[in-house]
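What follows is a set of notes on a single structure, which appears directly below.
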Amino acid sequence: MSPLPRSSDVVIIGSGPGGSTLAHGLSRRGARVLVVEEGDFLQPDPARADEPSIHMQEFMQGGPQQFVGGPSKFYGAALYRLREQDFQAVPTETGESPAWPIRYGDLEPFYGEAERLYGVRGSSHEDPSEPPRSQPYPHGPIEHEPYIAPIVERLRAQGLPVAYIPKAVDVGPGGKCILCSRCDGHYCQRDAKMDAELAALRPALATGRVRLLTKTRCLRVLTTPDGRHATGVLLKRGSEEWVVDAGVVAVCAGFAQTPLLLRRSRNDAHPEGIGNASGCLGRYLAGHTAGLLFPMRGLKRVPALHQKTFAINAFYGPSSDWPYPLGVIQAAGQLPLWKSVPAVVRPFVRFIVEHSVTCFLMTEAISSRESGFEFKGDEFARMQPPKPNVKTFLRLRRTAVDIFKKAGFRWVVAPRSPADVWHLVGTARFGDDPATSVLDPLCRVHGMDNLYVVDSCFLPSAGAVNTTLTVIAMSLRVAAHIADRLPS
Ligand SMILES: Cc1cc2nc3c(=O)[nH]c(=O)nc-3n(C[C@H](O)[C@H](O)[C@H](O)COP(=O)(O)OP(=O)(O)OC[C@H]3O[C@@H](n4cnc5c(N)ncnc54)[C@H](O)[C@@H]3O)c2cc1C
Ligand code: SF4
281 MSPLPRSSDV VIIGSGPGGS TLAHGLSRRG ARVLVVEEGD FLQPDPARAD EPSIHMQEFM
341 QGGPQQFVGG PSKFYGAALY RLREQDFQAV PTETGESPAW PIRYGDLEPF YGEAERLYGV
401 RGSSHEDPSE PPRSQPYPHG PIEHEPYIAP IVERLRAQGL PVAYIPKAVD VGPGGKCILC
461 SRCDGHYCQR DAKMDAELAA LRPALATGRV RLLTKTRCLR VLTTPDGRHA TGVLLKRGSE
521 EWVVDAGVVA VCAGFAQTPL LLRRSRNDAH PEGIGNASGC LGRYLAGHTA GLLFPMRGLK
581 RVPALHQKTF AINAFYGPSS DWPYPLGVIQ AAGQLPLWKS VPAVVRPFVR FIVEHSVTCF
641 LMTEAISSRE SGFEFKGDEF ARMQPPKPNV KTFLRLRRTA VDIFKKAGFR WVVAPRSPAD
701 VWHLVGTARF GDDPATSVLD PLCRVHGMDN LYVVDSCFLP SAGAVNTTLT VIAMSLRVAA
761 HIADRLPS
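Here the numbering used here = 1-based position in the sequence shown + 280.
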């Protein structure tokens, strides 16, 4: 086994979409990179080789919670660009969704690069919310299954545009994806889901310039006594602790672990945590108020199929009868949702799920100074969710129920329970003003010259579409910036 590294041009903490893509972007430009990941590789289960995928719960119940690739190993691979208006201030029912310090046009070339890297398959057809693009999708969309195509036509017959979901799966000639029914929430045993490990980390490792340390935890980021320069990181693997010196440190540990790591790294120059001089670290949590919808056509079971191909994005902006954006209606994968409910209602829930074309509903949830994490010492004391736009979400839900009923679904089950919050972002948001943000517009910690945060933490708002492509695009933008600053 090669000795543990003691130095690197760049050290990246975390191998999710932010960290792995940053490693890829830097390695392509010749940098020497060390990626530190607390988890290990997920491996196919030889005893279940005939199953294309395994549900995430089966890995996580009582097992490790961290993996190379982060949660993208289980994601639905819906890779959307945020919409042009998401970069501007948008009024909502509970307050304003904040303006970003950059415009959509600043990120557009990197969105294109991100789509090529992750092999996104999509189309701009019938998506009125689609932002301008300088190049088409790298691959055409995944066509609807024969069971789904007539449903899409009945939705369109109401005058509604119905769009394809942009997806990052390796399907088509020579591809490994068989478009199975269980992708969302599942680990792909066929290596066909373009997650952070497959799309970015593996090609980065193949350059020979990137080294990955698995089962290794970053305990602290270290700085010079004046706190202006990161000197390296303190790592722990098994019982061994050691320091790695770095020219640049990038923390990419996700929306919760990144602020916690920066808090734990506090020192005399940063007494409340690195990047926390104005108390913004961990705060301004944003995301999506989200819920499920179960349109049921009748008492016949929906066959096993790859149904996550269509979305209705026609309600992304305000309308004549509601001044705020409603959000999106998106087909979900076939999820074994009954497994996570109490046994007494399990057969009932299973019946509904197996007889419906499950959909997600997502409305933007707004950040505030109060939303996010409060620290107590080295731990979180509490987490306050972002402000849900409840009336707007309920309006989206009513709209969706009407649409599916008009499309011939006899029953549309829309759970009454309070909606969940998904796609959490913003806990080290970027901005021009150090009094209200943690990072500058290039994702560098305000007041420091070589410490970056490149993961879901930087987003000041979540729009209403899935957020991961924006993390990937920003990683490519930051990679170009860091590479320009490294000694050749
Ligand atoms: C079931 C599911 C479905 C989803 N579907 C979609 C979808 O369809 N589309 C979409 O856009 N998004 C989806 N998401 C969200 C998506 O997975 C996240 O947005 C994305 O993974 C966030 O990337 P990140 O770079 O911020 O960090 P993460 O992916 O959270 O990665 C952080 C990494 O850092 C590591 N780490 C943390 N702390 C340390 C430490 N101290 N030392 C070393 N390593 C550390 C972690 O182990 C992890 O690997 C889904 C998520 C789930 C769970
Ligand atoms: S749909 Fe394709 S990528 Fe997704 S789990 Fe199935 S085989 Fe893997």
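Backbone N, C-alpha and C define an ideal beta-carbon position, used for all residues, glycine too.
Provide the residue span of the alpha helix (DSSP H) that contains residue i, from first to last.
i	result
R286	Segment: none, R286 is in no alpha helix (DSSP H) and carries neither H nor E.
Q368	First-last for Q368: undefined, no H or E at that position.
S307	297-308
V629	626-634
G534	534-544
F595	Counting along the chain, F595 falls outside any alpha helix (DSSP H), and DSSP gives it neither H nor E.
E338	336-340
How long is the line joining the alpha carbons of residue i and residue j, rounded to whole angstroms?
i	j	result
V725	D289	18 Å
R470	I458	9 Å
L514	A744	37 Å
G375	G488	48 Å
P430	V523	59 Å
S409	V315	36 Å
A484	Q368	34 Å
I756	A303	A small fix is needed here, since residue 756 is Leu in this sequence, not Ile. Rounded to the nearest angstrom, the two C-alpha atoms are 9 Å apart.
V758	L397	16 Å
G420	V701	31 Å
E650	P441	38 Å
P627	W618	7 Å
M642	G507	40 Å
A708	D735	9 Å
K516	E317	11 Å
D601	H405	26 Å
K353	S307	22 Å
E477	P324	14 Å
P665	S648	9 Å
P418	S403	10 Å
Using only the heavy atoms of ligand 2, determine whether one of them is closer than 7 Å to the beta carbon of residue i.
i	result
R462	yes
H304	no
H761	no
H424	no
H586	yes
L459	yes
How far does the beta strand (DSSP E) with residue i in it reach, from first residue to last?
i	result
E520	520-531
S705	Strictly speaking, residue 705 in this sequence is Val, with Ser absent from that position. 700-705 is the span of the beta strand (DSSP E), which, as asked, contains V705.
A484	No beta strand (DSSP E) contains A484, which is instead part of the alpha helix (DSSP H) from 482-486.
K685	First-last for K685: 670-686, but that is the alpha helix (DSSP H), not the beta strand (DSSP E).
G571	566-576
F653	652-656
A394	No beta strand (DSSP E) holds A394; the alpha helix (DSSP H) holding it covers 384-397.
A661	659-664
E644	639-645
V621	Element bounds for V621: n/a, residue is neither H nor E.
E376	375-377
With a threshold of 7 Å, establish whether the CB of residue i neighbours any heavy atom of ligand 1.
i	result
V751	yes
E317	yes
M754	no
I592	no
N746	yes
D471	no
D735	yes
G607	no
F535	yes
L541	yes
I334	no
L359	yes
P421	no
R491	no
C532	yes
G343	no
I554	no
Y355	yes
P767	no
Measure how close the beta-carbons of residue i and residue j come, nearest whole angstrom, since I'm counting them as under 8 Å.
i	j	result
Q587	A611	5 Å
A566	S741	5 Å
V733	T538	6 Å
F710	P721	6 Å
Would you say residue i lies against chain D (beta-carbon separation less than 8 Å)?
i	result
G711	Given the protein chain composition of this structure (a single chain), no chain D is represented.
- Taking only runs that begin and end inside the region 686-760, name each unbroken alpha helix (DSSP H) of 4 or more residues, in chain order. none
- Task: Give, in chain order, every unbroken run of the beta strand (DSSP E) that is at least 3 residues long and sits entirely within the region 419-496.
- Result: Within the region 419-496, the complete beta strand (DSSP E) runs of at least 3 residues are 466-468, 490-493.
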